[in-house]
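Peer 1:
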Amino acid sequence: MRLVRWLLLPVLLAALPTWAEEPTVRLSPGEQRVLDFPGLRRVAVAAPNVADVKVVGKSQLLISAQSTGRTTLTVWTDQQQLQRTLIVEPPRAEELARELKALGFSELEVRTIGDKVVIDGHVESLQDMRRLRSIVAGLSYVSILVRLDAQVIQAALTTTAEQINTALKRNGIVSARAVVVGQRILLEGSVSDEAERDKAQRIADSLYEDVRQALGPH
C-alpha cells in the first residue's frame, strides 16, 4: 500500500493549480491592456485604485492602470481559478526609447519628467509624425514635443487646402474657400444657407482631419 501512495502523489500534485506560472502584468499609470481568459466567469481585483478591470467580451478583460502600486487579479473560468499580479509603476522611458529606435525613430529623445514620458526631437515628414502618434496612441502618460519642419507643415496645409477647394467646387459650393492661416486651415466666404455651410464644413473636416491629427495640438 505504501508503494501505491508514492505512485499517486506526483499525479495529485500535478493536478494542483500552478499559480507561480501565471505571468506578472506590468503597466504604467493610464496604460490599458487586454487579457484573454477563455471560459471567463467572474473576476475580482484587490485594489481597484491601482488597476481597474472591465469585462469587454466573453473571454476578455480590459485592465486600466490607475496609480502606482501592486494588486492581485483573480479570475474564475469554466475550468479553474487563476491569479495574476498587477504592478503599476512609473513610466519607463528606456523601454519606449528602445521601441521607437527599433521602429526607425533613433534620433528622438525620450525622458521621464515626473509621472510623464516626454518624446522630444525632430521628424522629417508628416508621415513620420502620423506614425509616431499612432505608436503612442492610448498612452496617456506620453507627451509629444516632437517638431516638424515648418516648410513641410506649410506644404501639407497648402495641398490640403487645395484639395478642399476642389471638393467644394465639385459639390457646387463656389463662394466659400479654404485658406491657410498660420498652421491651420480655415473656411472663408459665403454660403446660401445653413445646410450649405454644414456641407462645406463636413467636406473640409473630412480632408483636413488626417493632417490635423498628425500635427496634434497647435
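Numbered according to mature numbering (1 follows the signal peptide of the UniProt record, and there is no 0), the sequence shown spans residues -20 to -1, 1 to 198.
The C-beta atom is built at its ideal place from N, Cα and C for all residues, glycine as well.
In this text the structure is predicted, and so the values were computed from the model without any measurement.
(1) In chain order, what are the residue ranges of uninterrupted alpha helix (DSSP H) at least 4 long that sit wholly in the segment 31 to 78?
(2) According to the Cβ coordinates, are Ala184 and Leu167 closer than 7 Å?
(3) How would you label Arg22, buried or exposed, when you count the other beta carbons within 10 angstroms and need 16 or more for buried?
(4) When the Cα atoms are used, what is the spatial distance from Asp100 to Ser8?
(5) Going by C-alpha to C-alpha distance, which of Val160, Pro71, Gly152 and Gly19 sits closest to Gln59?
(6) My guess is that Leu106 and Ala136 are in contact by the Cβ rule of under 8 Å, so how many angstroms apart are they, rounded?
(7) Val161 bridges to which residues according to DSSP?
(8) DSSP beta-bridge partners for Thr92?
(9) Hey, Pro71 and Val97: beta-carbon distance below 7 Å or not?
(10) Pairs of beta-carbons, one from the segment 146 to 158 and one from the segment 172 to 184, closer than 8 Å: are there three or more?
(11) Could you check where the beta strand (DSSP E) with Leu106 kicks off and where it finishes?
(12) In this structure, how does DSSP classify Ala24 when only helix, strand and coil are distinguished?
(13) Relative to the alpha-carbon of Leu42, which residue among Arg50, Val5 and Glu75 has its alpha-carbon at the smallest distance?
Peer 2: According to the structure shown:
(1) none
(2) yes
(3) exposed
(4) 20 Å
(5) Gly19
(6) 5 Å
(7) Arg164
(8) Val97
(9) yes
(10) yes
(11) Note, Leu106: premise wrong, no beta strand (DSSP E); alpha helix (DSSP H) at Leu106 to Ile115.
(12) strand
(13) Val5
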